[in-house]
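Colleague: Residue numbers (the numbering used here): 5 to 163.
Okay, here's the thing in structure tokens:
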């Protein structure tokens, strides 16, 4: 596979992952990840080890939590080296509990998140196919919070 073909496949998996979040589409989500060796540090602050734990998390969330808004990636960066790759970006999301309620621990209005995705050319079974092996997501600093030592903010840096 050429580097450009690798890039296209990783970006396809990235889009598939984020699209699956809108409806908690479990089969679509599962197609992105590397099985039981996968590890996630979730936006809720907890780790999920393996695809079965992640599937159980999504089963618990589906119908109880909605993600009606996820922006296009902001400052997406993808680096590929051999059989490893990482992707980092920011997004603006809105997450609601059933009935439009806020989700405990998360802002009720759209908020900015940052995420990192680690890919390997290994599907978890030893086949040479790109899969995501690790995902981390967390809120960013507040929009107008100064960045030490520079003093700029998300708002002044722009998208």
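Ideal Cβ positions, reconstructed from N, Cα and C, are used throughout, including at glycine.
Treat the numbers as computed from the prediction; the structure is a model and nothing was measured.
Please identify the residue among 124, 95, 112, 8 whose C-alpha is closest to the C-alpha of residue 36.
Modeller: Nearest option by C-alpha distance: 124.
Colleague: My guess is that residue 149 and residue 18 are in contact by the Cβ rule of under 8 Å, so how many angstroms apart are they, rounded?
Modeller: About 27 Å separates the two Cβ atoms, so there is no contact after all.
Colleague: Would residue 154 be called buried (16 or more neighbouring beta carbons within 10 Å of its own) or exposed?
Modeller: Label assigned to residue 154: exposed.
Colleague: Residue 74 to residue 131, Cα distance in whole Å?
Modeller: The alpha-carbon atoms of residue 74 and residue 131 are separated by roughly 32 Å.
Colleague: Do you know how far the Cα of residue 8 is from the Cα of residue 127?
Modeller: Cα-Cα distance, rounded: 19 Å.
Colleague: What's the gap between the Cα of residue 98 and the Cα of residue 60?
Modeller: Cα to Cα, the separation comes out at about 22 Å.
Colleague: Helix, strand or coil for residue 69, going by three-state DSSP, please let me know.
Modeller: Residue 69: strand per DSSP, three-state reduction.
Colleague: Do you know offhand how far residue 48's Cα is from residue 145's?
Modeller: Distance between the alpha carbons of residue 48 and residue 145 is about 16 Å.
Colleague: Just to check my reading of the structure: residue 76 and residue 54 have Cβ atoms closer than 8 Å, yes? What is that Cβ distance to the nearest angstrom?
Modeller: Not a contact, Cβ separation roughly 30 Å.
Colleague: Regarding residue 109 and the ligand HEM, is the C-beta to nearest heavy atom distance less than 7 Å?
Modeller: What this structure holds is no ligand at all, so the ligand HEM is not there to describe.
Colleague: Under DSSP, the alpha helix (DSSP H) around residue 35 begins and ends at which residues?
Modeller: Counting along the chain, residue 35 falls outside any alpha helix (DSSP H), and DSSP gives it neither H nor E.
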